[in-house]
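Accompanying notes for the structure given below.
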Amino acid sequence: MVRKQVGPGFAQIAARYRHDPEAPARLADKLRDGSVGAWGRVIMPRQPHMSLDESRRLAQWVLSQPSPP
Numbered sequence: 219m220v221r222k223q224v225g226p227g228f229a230q231i232a233a234r235y236r237h238d239p240e241a242p243a244r245l246a247d248k249l250r251d252g253s254v255g256a257w258g259r260v261i262m263p264r265q266p267h268m269s270l271d272e273s274r275r276l277a278q279w280v281l282s283q284p285s286p287p
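The numbering of the sequence shown is our numbering, which starts it at 219 and goes up by one.
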């Protein structure tokens, strides 16, 4: 959750977006729609099976992670 594997760790995502009031909604959209370019050239595939509620809850959880050491 802290160390980068392919994309950023959850703690890195939380640290970048923690103080952005629009981050939960934007991250929820990125989870469902996919993304490329926010953290380099790696593509985050879309997750169309995830409900809007699930993506919002997951985004909130990611943003609640402590900052990396």
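All C-beta atoms in this analysis are idealised placements derived from N, C-alpha and C, irrespective of residue type, glycine included.
- Task: Could you please give the first and the last residue of the uninterrupted alpha helix (DSSP H) stretch that includes Arg244?
- Result: 241-251
- Item | Leu249 burial status per 10 Å Cβ neighbour count (16 or more: buried) | buried
- Item | Among Ser273, His237, Asp251, the one whose alpha carbon lies nearest that of Pro263 | Asp251
- Between the beta-carbon of Val254 and the beta-carbon of Val224, is there less than 8 angstroms? no
- From Pro239 to Gln283, what does the alpha carbon distance come to, in whole angstroms? 16 angstroms
- Query: Within this structure, are the beta carbons of Leu281 and Pro242 separated by less than 8 angstroms?
  - Reply: yes
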